[in-house]
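Below you'll find the structure, written out as C-alpha cells, and then a few comments.
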Amino acid sequence: MDLFNNDQLNLFGAPKNLLPFDGEVLLYPHFYKEDVFTRLVEETPWKQDKMKIYGREVNFPRLTAWYGERDEVYVYSGVVNVPVKFSPLLNSIKQAAEQQCGHRFNTALLNYYRDGSNSMGWHSDDESELGGNPVIASVSFGASRVFQFKHKRQKNAKVSVVLNNGDLLIMQGQTQHHWLHQVPKTSRMLGARINITFRSIG
Numbered sequence: 017m018d019l020f021n022n023d024q025l026n027l028f029g030a031p032k033n034l035l036p037f038d039g040e041v042l043l044y045p046h047f048y049k050e051d052v053f054t055r056l057v058e059e060t061p062w063k064q065d066k067m068k069i070y071g072r073e074v075n076f077p078r079l080t081a082w083y084g085e086r087d088e089v090y091v092y093s094g095v096v097n098v099p100v101k102f103s104p105l106l107n108s109i110k111q112a113a114e115q116q117c118g119h120r121f122n123t124a125l126l127n128y129y130r131d132g133s134n135s136m137g138w139h140s141d142d143e144s145e146l147g148g149n150p151v152i153a154s155v156s157f158g159a160s161r162v163f164q165f166k167h168k169r170q171k172n173a174k175v176s177v178v179l180n181n182g183d184l185l186i187m188q189g190q191t192q193h194h195w196l197h198q199v200p201k202t203s204r205m206l207g208a209r210i211n212i213t214f215r216s217i218g
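Every position in the sequence shown, counted from 1, becomes a number in the working numbering once 16 is added.
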C-alpha cells in the first residue's frame, strides 16, 4: 500500500489521517503564515553533532539545536542534548502548535537541512522520556521536502507526503509504536529547510 503526496488531505475541513492504520498523522498545510526561515537560520545556535559508524566518527547529515523550558536532557543516536531556553520566536510557534493540537510542549528539536544531501534516516520517536503515545508537532520552514513513513512489520505499507513552508504535521496515537519515518536524501537541487519538532518530556 503506497500513498503519495497530499492526496489524502481534505483542504476544506478537518485533515484526514495520512496513515492507513496503526497510528494517526494529521497535516495542516500553510499553518504558520509568517515567513521566519531567515530568522531561524540566524538566531539558532546550530551545532554539528557526530555519530559513530563502524567505529568511525562522521558528521550528522544536518545541523541541530535543542530547546527546553527547564533542563530536559534528550538523548538520541548516542548524542546528549542539553537544552537552550526558548526564544520569543520559538515560543510563538510553539504556542500556535499547542493551540492547534490541544497539547502542551516543553521541548523542541530543530533540524537544519542545508540542501538535498542533508537528511534524516529511518527512525521512530519512541524514547521512554516521551511517554507511551507521544504527541509530536512538526513545523516546516523553507524549501519543500518529502517526508516518508513505513510500517515496522507490514513492509508494503508506505506513506509519502511533501512538507512545504509553514506546514504543520502532527504525529500522535500509536504512530511511534508501529511506524518509522525519514527525510530522504535527494539529488535534486533544493534550497535549505528547517524543521521544528515540539515534544513533551517528563
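Glycine included, every Cβ here is placed at the ideal spot set by N, Cα and C.
Bear in mind the structure is a predicted one, so any value in this text is a computation, not a measurement.
{"Check": "Going by C-alpha to C-alpha distance, which of 187, 160, 198 sits closest to residue 152?", "Outcome": "187"}
{"Check": "Which of the three DSSP states, helix, strand or coil, is assigned to residue 171?", "Outcome": "coil"}
{"Check": "From this set, 105, 131, 211, which residue's C-alpha is nearest residue 80's C-alpha?", "Outcome": "211"}
{"Check": "Taking the alpha-carbon positions, what's the residue 218 to residue 99 distance?", "Outcome": "14 Å"}
{"Check": "Quick check on the DSSP output: what are the complete alpha helix (DSSP H) runs of length 4 or more inside the stretch 180-204, in order along the chain?", "Outcome": "191-194"}
{"Check": "To the nearest angstrom, report how far apart residue 149 and residue 180 are at their CA atoms.", "Outcome": "26 Å"}
{"Check": "With DSSP collapsed to three states, give me the class of residue 217.", "Outcome": "coil"}
{"Check": "In whole angstroms, what separates the C-alpha of residue 104 from that of residue 46?", "Outcome": "21 Å"}
{"Check": "Please report the Cβ distance between residue 201 and residue 140, rounded to the nearest whole angstrom; I am assuming they are in contact, meaning their Cβ atoms lie under 8 Å.", "Outcome": "Contact doesn't hold; Cβ gap of about 20 Å is too wide."}
{"Check": "Just how far apart, CA to CA, sit residue 55 and residue 190?", "Outcome": "34 Å"}
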